[in-house]
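Those letters in the sequence shown? Residues 1 to 226, by UniProt numbering. By construction, the Cβ of each residue, glycine as well, lies at the ideal position given by its N, Cα and C atoms. Since the structure comes first, as structure tokens, the remarks are kept for the end.
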Amino acid sequence: MKILLVEDEIEMKDSILQYLEMEKYLVEYASDFNLAMQKIHLYEYDCILIDIMIPHGTGLDLIQEIKKIRPKTGIIIISAKNSLDDKIDGLNLGADDYLPKPFYLPELNARIKALMRRNNYEGTSSIVFNEIEIIPEERKVLIHNTLVNLTTKEYDLLEYFLVNKDRVIQKNALVEHLWGDNADQFDNFDFIYNHVKNLRKKLLELQCNDYIKSIYGIGYSFKTIL
């Protein structure tokens, strides 16, 4: 899962980043309005955590922009400015949740997971498609009720494919989702082939149908009709 944290308080930023990365999230960071605007125009995120009071703008203005260009992106406001008006304004603009500072990091994690269940998993605690079951909170994958031993990137790939079934996903979108800002360091994205190949091999070994299809010159698609 790919998260953008928009927060200008260094200590708060560091603690959130460290905790969420320990929980296996891919987290990027923006310290002000302008940098956050650049990132939301360049990249897609599953969830964006936004402080209302940020340099060069406000979190409320940022929410408006996100909803224009990325309407399906989940948004959680994290702010010490705990007035009822700000909470109502943020939710009316399209934010999904509001968590006032100070808060416990496990509560933030629980809010993120609840948001992802609503947005991506239809409110359930697992993703089930035919013989495949993914349990996101445990990062487990079962094929015909048998546990699959996947690497971190292989798990993230499969989850991303299942959330985006039947869509053609370009290689650069896969790399950005799995590596975040580090995607810009790669000269080409050919290496993604090896990750997909290894994932397919492990699934096929457990008699899983071959849903992952290569789209020549573009990327991949997880086909629900074979």
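Output the distance between the C-alpha atoms of L91 and N119, rounded to the nearest integer angstrom. 16 Å
Start-to-end residues for the alpha helix (DSSP H) that takes in D61: 59-69
Reference P55, options N109, E7, E176, L99, closest by Cα: E7
In three-state terms, what does DSSP make of F189? Here F189 sits in coil by DSSP.
Let me confirm a value: P136 is counted as buried when at least 16 other C-beta atoms fall within 10 Å, else exposed. Which label applies? buried
So, do the segment 162-170 and the segment 137-146 have three or more beta carbon pairs nearer to each other than 8 Å? no
By Cβ distance, which residues of its chain are closer than 7 Å to L60, with the 5 residues on each side in sequence left out? Excluding sequence neighbours, L60 sits near I52, D89, G90, L93.
Beta-carbon gap between N35 and V27 smaller than 7 Å: It should be pointed out that residue 35 corresponds to Leu in this sequence rather than to Asn. Contact: no.
At least three beta-carbon pairs within less than 8 Å, the segment 184-200 to the segment 140-160: Contact holds: three or more Cβ-Cβ distances are below 8 Å.
The segment 10-19 / the segment 38-46 touching (three or more Cβ pairs under 8 Å): Put simply, the segment 10-19 does not touch the segment 38-46. Fewer than three CB pairs are less than 8 Å apart.
With H, G and I counted as helix, E and B as strand and the rest as coil, what does DSSP make of L5? Per DSSP, reduced to three states, the secondary structure at L5 is strand.
Tell me whether T152 sits in a helix, a strand or coil according to DSSP, three-state version. helix
How many Å lie between I3 and D46 at the Cα? 6 Å
Count the other CB atoms, across all protein chains shown, that sit within 10 Å of the CB of L203; report buried if there are 16 or more and exposed otherwise. buried
Straight-line CA distance for S125 to D32? 34 Å
Which residues does DSSP pair with D51 in a beta bridge? Answer is none; D51 lacks a bridge partner.
Is the beta carbon of G74 sitting closer than 7 Å to the one on L99? no
Using only CA atoms, which one of F191, I169, I78 lies nearest to Y104? I78
Nearest-angstrom Cα separation, counted from N109 out to E131: 29 Å
Enumerated in chain order, which unbroken segments of the beta strand (DSSP E) with a length of 3 residues or greater are wholly contained in the segment 94-134? For the segment 94-134, whole beta strand (DSSP E) runs of length 3 or above, ordered along the chain, are 97-100, 127-129.
Just reading off the alpha helix (DSSP H) that I225 is part of, what are its end residues? Note, I225: premise wrong, no alpha helix (DSSP H); not H, not E.
In three-state DSSP terms, what is G74? strand
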